[in-house]
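As structure tokens, the structure follows; a few thoughts come after it.
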Ligand code: SF4
Ligand code: SF4
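In our numbering, the protein residues as written are 14 to 94.
Here it is as structure tokens:
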């Protein structure tokens, strides 16, 4: 599993207080790898792409050192919101 990097920590410190990830719809291949690893069931399949429910996403706080969805996404299209 990928560990939290300094870049990730910096991103968290400099952005707003929203704790959530976002999926870039232009790059999501709809492989479905992200949804099963989410501990809060925040990821669901939409019509054209998978989506993160910002109300449920905790950035895996208390579950993993880094966002699990971001770690498994083969397209690299999940980032901090
Ligand atoms: S960061 Fe964690 S809680 Fe948020 S959507 Fe990804 S896997 Fe789910
Ligand atoms: S793992 Fe990445 S490419 Fe696959 S469905 Fe999730 S966001 Fe899309």
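Cβ atoms here follow ideal geometry from the backbone N, Cα and C, with glycine treated the same way.
When secondary structure is reduced to three states using DSSP, residue 55 falls in the coil class, being assigned neither helix nor strand. Ligand 2 has a heavy atom closer than 8 angstroms to the beta-carbon of residue 46. In the three-state scheme derived from DSSP, where H, G and I count as helix and E and B as strand, residue 77 is classed as coil. Looking from the CA of residue 81, the closest CA among 37, 55, 61 belongs to 55.
Judged by DSSP in its simplified three-state form, residue 34 adopts strand. Look at residue 94 here: in three-state DSSP terms it is coil, with no helix or strand label.
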